[in-house]
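First comes the structure, then the notes that go with it.
There are 2 protein chains.
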Amino acid sequence: MVTIRDIAKQAGVSPSTASRALNKNPHISKKTIDRVQTIADQLGYMPDYNAKNLTTGEASAVGVIFPVDGHAVQSNPFYIKVLSGVNDELIKRGYALSVAITKTLDDLQKNVKSMIYQSKIKRFILLYSQPNDPIAKFLRENHLRFVVIGQPTVETDYYVNNNNVEAGAAATRYLLEQSQPEHLAFVHSPENWLFEKERFTGFQNVVSEHNLDYQEFTVDQSNSTTLESQIFEHPQIDGAVATDDINAMNFIDSFKKVYPLKQVEIMGFNNSLPKVLLDRNYRTVDLFPEEMGKKATLLLFSDREDQSIDEKKHLLVGYKIV
Amino acid sequence: MVTIRDIAKQAGVSPSTASRALNKNPHISKKTIDRVQTIADQLGYMPDYNAKNLTTGEASAVGVIFPVDGHAVQSNPFYIKVLSGVNDELIKRGYALSVAITKTLDDLQKNVKSMIYQSKIKRFILLYSQPNDPIAKFLRENHLRFVVIGQPTVETDYYVNNNNVEAGAAATRYLLEQSQPEHLAFVHSPENWLFEKERFTGFQNVVSEHNLDYQEFTVDQSNSTTLESQIFEHPQIDGAVATDDINAMNFIDSFKKVYPLKQVEIMGFNNSLPKVLLDRNYRTVDLFPEEMGKKATLLLFSDREDQSIDEKKHLLVGYKIV
DNA sequence: CTGTTAGCGCTTTCAG
DNA sequence: CTGAAAGCGCTAACAG
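Chains A and B are the protein sequences, given in the same order.
So in my numbering, spot 231 of the first sequence is number 231, and the numbers just go up one at a time.
So in my numbering, spot 23 of the second sequence is number 1023, and the numbers just go up one at a time.
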């Protein structure tokens, strides 16, 4: 194992100078920085994180926190794509990726506390956003830096998001152009997350521009009959926007059960289904989760790297109908 | 921050004794172990991993390695479920979860080397298995402990797997019971992974028992016309077993394009699709990925915890047709 | 601009 | 069975 002392010796400087040089401390002459760096590269020096973290009190790692889950949410491929985008950026920065994923909120809290107190992680990415979330509260109270994926419930939080209002409007407009539905459905989850409400706003805007009527539907994943009876009460529906691919699939399925012979055009969000299912009369909005992961990481380090981003405290990612 | 010295002081022992007590060192009297432990609990002591790792030279973390990917593989919900199962077990052991997920093999190698040399991680879970995989080779050469999810290509590796031959047979049998197809298809990926070959063996066994004929099909995700022309040459196909839900969906889709009016019953693997898609004439085999994650972790620590498992070097997980 | 020194919190000889 | 002391590899005052 090659340590900083080996490098110092080779370069003919003290360990502290070597350390400073490797960290590009501005008080060190460019000449020695270059020399030390060259030697470090030659020797294939890789700093020991544990030693580094012990002295600085801050881990060279970022914590990524998954939502706790009743089976369906967590396993959305969306999250892995975010994770992949995050790690791309972390590798560049010499940071490791630590993950908290649990089945109960209680375990999640323990997991996050361990990250903070035992691993000394100071930077987090929160893959979800919920009002009165104790995890976010805890991070805030302890002055830890974190970025929310999605619309935060506390306006001072850092976040990366899509423009959901606009995306909701675009999806609705696309639907209207493709077929000419006259009685629309808006399909969302029982939780009615913030992002769903925003997409709904976009939907409403376009619908009212066109003087169309619409109906709201709630997908209860555990009980499809409630959705079917809702659909049964609205036989005129001929087009739908769903807040998510899964909700869209559930709606289609129930719709076909109630009206086996009717066609309904539908839009979803997330592009989370196998490509082959996207054919024909199903379109979805890709929200570029990898890009979200990358930008979240950018934002997470903006205090050190880009003050101009840091002031805004948020970044937006585009969307694309596919 | 409460350190081991605080505990030692309270307990009226030296820091070294406190350390030994907390690690249940057998040379320490039960009395002091209990006393020290009680005080530690009272004070809410959480050991600093960085300090611990620095002295022991081994991280309190496990590295989980994702396959590199052409978009489709990584984002399979299967992996998150494994991750979740792994973390359940890690929490119990006071271990952290570190993840390597990259787009190129080159980056993955760097990522894993960083885990080893910088984070001092000594235990890994490999979420895939490939012949001549440089990552597995590297882990082996450096005598690092790792468990493969799936069938390893080197027989001395530790692994967790399903009985794929049996599951392939069961799926085929189920298909034969449900409908009475006479001309079967077996659908797999161009890579033809080990687990696909095993499921194929099970499939063949049942098919030959029943004196049926079959045809192999390869799904090329980037070019559906090749699959369609394969299907076109075999108009008699009336049932299929696919090695994976995605392959199954692709096959169904191509089949419907070629023969819009024909029915085909099909079985897939992985239970990776939204529940609502499982209806009617599509069944899939759930392979309990969470359970695989848990068992992989068990195996990863079997050297310390369960010698009887350690000798077998592998564990199997069940399956269920859903 | 650079070197000396101390110390982060833990474990681990070595000694008793 | 327990204590004293050293040290893991790094960074951060402090001093020059």
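C-beta atoms are modelled at their ideal positions from N, C-alpha and C, and glycine is treated no differently.
Computed from a predicted structure; not experimentally measured.
In this structure the stretch 1167-1185 of chain B lies against the stretch 1195-1211 of chain B, because at least three pairs of beta carbons, one per stretch, are closer than 8 Å.
For A/Tyr117, at least one C-beta of chain B is nearer than 8 Å to its own C-beta. Close partners of A/Ile309 in chain B (Cβ separation under 8 Å) are lacking, with about 24 Å as the shortest Cβ gap. For B/Glu1166 and B/Ser1302, the gap between their C-alpha atoms comes out near 26 Å.
Within the model, the alpha-carbon separation for A/Phe251 versus B/Lys1052 is close to 53 Å. A direct Cα-to-Cα measurement between B/Phe1138 and A/Val112 gives close to 31 Å. DSSP, read as helix, strand or coil, puts B/Val1148 in strand. Assignment of B/Phe1288 by DSSP, reduced to helix, strand and coil, places it in the coil class. B/Ser1114 has a beta carbon lying within less than 8 Å of a beta carbon in chain A. DSSP places B/Gln1178 inside the alpha helix (DSSP H), whose first and last residues are Asn1164 to Gln1178. If you draw a straight line from the Cα of B/Ser1224 to the Cα of B/Val1258, it is about 11 Å long. The CB of B/Asp1048 comes closer than 7 Å to the CB of Gln118 in chain A, given here in chain order. In this structure, A/Ile125 places its C-beta atom within 8 Å of the C-beta atom of A/Val64. For the pair A/Ala18 and B/Asp1048, the Cα-to-Cα distance works out to about 27 Å. With respect to the 8 Å criterion, B/Ile1028 and B/Ile1007 are not classified as neighbours on the basis of their beta carbons. For B/Asp1213, the enclosing beta strand (DSSP E) starts and ends at Asp1213 to Thr1218. Excluding sequence positions up to five before and after B/Val1002, its CB lies within less than 7 Å of the CB of Leu1043, Gly1044 and Tyr1045, all in the same chain and listed in chain order.
Within chain B, the residues whose beta carbon sits less than 7 Å from that of A/Asp107 are Ile1091, listed in sequence order. Residue contact check for B/Thr1102 against chain A: a CB pair falls below 8 Å. Bounds of any beta strand (DSSP E) do not take in A/Phe200; it lies within the alpha helix (DSSP H) bounded by Leu194 to Glu209. It is roughly 24 Å from the alpha-carbon of B/Val1219 to the alpha-carbon of B/Leu1105.
At least one CB atom of chain A sits nearer than 8 Å to the CB of B/Ile1246. Of all residues in the stretch 1021-1053 of chain B, the ones placed with a Cβ closer than 8 Å to any Cβ belonging to chain A are Met1046, Pro1047, Asp1048, Tyr1049, Asn1050, Ala1051 and Asn1053, in chain order.
Between the stretch 146-164 of chain A and the stretch 88-95 of chain A, the count of Cβ pairs shorter than 8 Å is below three; the stretches do not touch. Counted as a single uninterrupted DSSP element, the stretch harbouring B/Leu1261 is not any alpha helix (DSSP H), since DSSP gives it neither H nor E. The alpha-carbon separation between A/Arg145 and B/Met1267 amounts to approximately 47 Å. Taking CB atoms only, A/Ile80 has a neighbour in chain B less than 8 Å away. Contacts with chain B (Cβ-Cβ distance below 9 Å) from the stretch 227-243 of chain A involve no residue at all.
Inclusion of B/Gly1318 and B/Phe1288 in the CB contact set at 8 Å is warranted, their separation being smaller than that value. Under the DSSP definition of a beta bridge, B/Glu1265 partners with B/Gly1239. The C-beta distance from A/Ser272 to A/Phe78 rounds to 6 Å, short enough to meet the 8 Å contact threshold. About 6 Å separates the CB atoms of A/Val82 and A/Leu127; that is less than 8 Å, so the two are in contact.
Counting the other Cβ atoms within 10 Å of the Cβ of A/Arg283 gives 16 or more, which makes it buried.
At a cut-off of 8 Å between beta carbons, B/Pro1067 makes no contact with chain A. According to the DSSP assignment, B/Leu1022 belongs to the alpha helix (DSSP H) that extends over Pro1015 to Leu1022. A/Ile237 is positioned such that its CB atom lies closer than 8 Å to that of A/Ala185.
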